[in-house]
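S.K.: Residue numbers (my numbering): 49 to 260.
All residues carry an ideal CB built from backbone N, CA and C; glycine is no exception.
1. Report the option in 230, 62, 249 whose CA atom is closest to the CA atom of residue 222.
2. Going straight from the alpha carbon of residue 185 to that of residue 239, what length do you get?
3. Confirm, please, whether the CB-CB distance from residue 176 to residue 95 is below 8 Å.
4. Which residues bound the alpha helix (DSSP H) around residue 235?
5. Which residue or residues does DSSP assign as beta-bridge partners of residue 97?
6. Report the rounded CA-to-CA distance for residue 207 versus residue 195, giving the unit in angstroms.
7. Give me the Cα-Cα distance between residue 127 and residue 91, rounded to the nearest whole angstrom.
8. With burial defined as no fewer than 16 other Cβ atoms inside 10 Å of the residue's Cβ, what is the status of residue 130: buried or exposed?
9. Report, in whole angstroms, the separation of the C-beta atoms of residue 180 and residue 76, which I expect to be a contact under 8 Å.
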């Protein structure tokens, strides 16, 4: 509706929350983030960044406080600035209200009102550029962190912060990294290489960060 395109579902990258662990939730909280399942739409010239996945948002962002049956839609606009629409989006009464609204719209002849744009390309998820939270499970041995950092550097991935609190000699412990902006294809390639190391317990996980 916003950008005049009706994408097929196969072109929309989507992930659920099944791979999010309590460990990720705890580390996100320590880093002043909340993990939220977001549907993200951004237009960049003639491309559309369209994706659905778990995302780290800062605790200062209004979306971080959306809980339980509530949903929210957040707009970054010009010149009106940031806009947030917030309300119940699940449960019997809110859902029935939406269904009744759709029935009334259809029965009164309502329908799609957006213009159709022919020249917009949906960006492949591997093309996006954003910041990342990465969790490795690595054996606590000398040189492991250096090997990880070397691979990331070789793929133009710059590290903003590293957290490694638990130390159990010879055991697998979490290493949490926050990156600066990086191309997702490089992130995926780096993790596929690092996961082949004998001192890494695969699969390593990453979560995208949105600075809204």
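M.R.: So, from the listed chains and residues:
1. Sequence index remark: in the chain shown, residue 222 carries index 174 (1-based). Among 230, 62, 249, the Cα nearest to that of residue 222 belongs to 249.
2. Against the chain shown, residue 185 aligns to sequence position 137. Against the chain shown, residue 239 aligns to sequence position 191. For residue 185 and residue 239, the distance between alpha carbons rounds to 12 Å.
3. Residue mapping note: residue 95 aligns to position 47 of the chain shown, counting from 1. Residue mapping note: residue 176 aligns to position 128 of the chain shown, counting from 1. Not closer than 8 Å, so no.
4. One-based indexing of the chain shown puts residue 235 at position 187. That run of the alpha helix (DSSP H) goes 232 to 242.
5. Residue 97 sits at position 49 when you count from the first residue of the chain shown. Paired residues: 90.
6. Here residue 207 refers to the residue found at position 159 of the chain shown. Here residue 195 refers to the residue found at position 147 of the chain shown. If I take the Cα positions, the gap works out to 13 Å.
7. Locating residue 127 in the chain shown gives position 79, counting from the first residue. Locating residue 91 in the chain shown gives position 43, counting from the first residue. Distance between the alpha carbons of residue 127 and residue 91 is about 16 Å.
8. Taking the first residue of the chain shown as position 1, residue 130 is located at position 82. Its Cβ having fewer than 16 others within 10 Å, residue 130 is exposed.
9. The count along the chain shown starts at 1 and reaches residue 180 at position 132. The count along the chain shown starts at 1 and reaches residue 76 at position 28. With 8 Å as the limit, residue 180 and residue 76 do not qualify as a contact, their Cβ atoms being about 12 Å apart.
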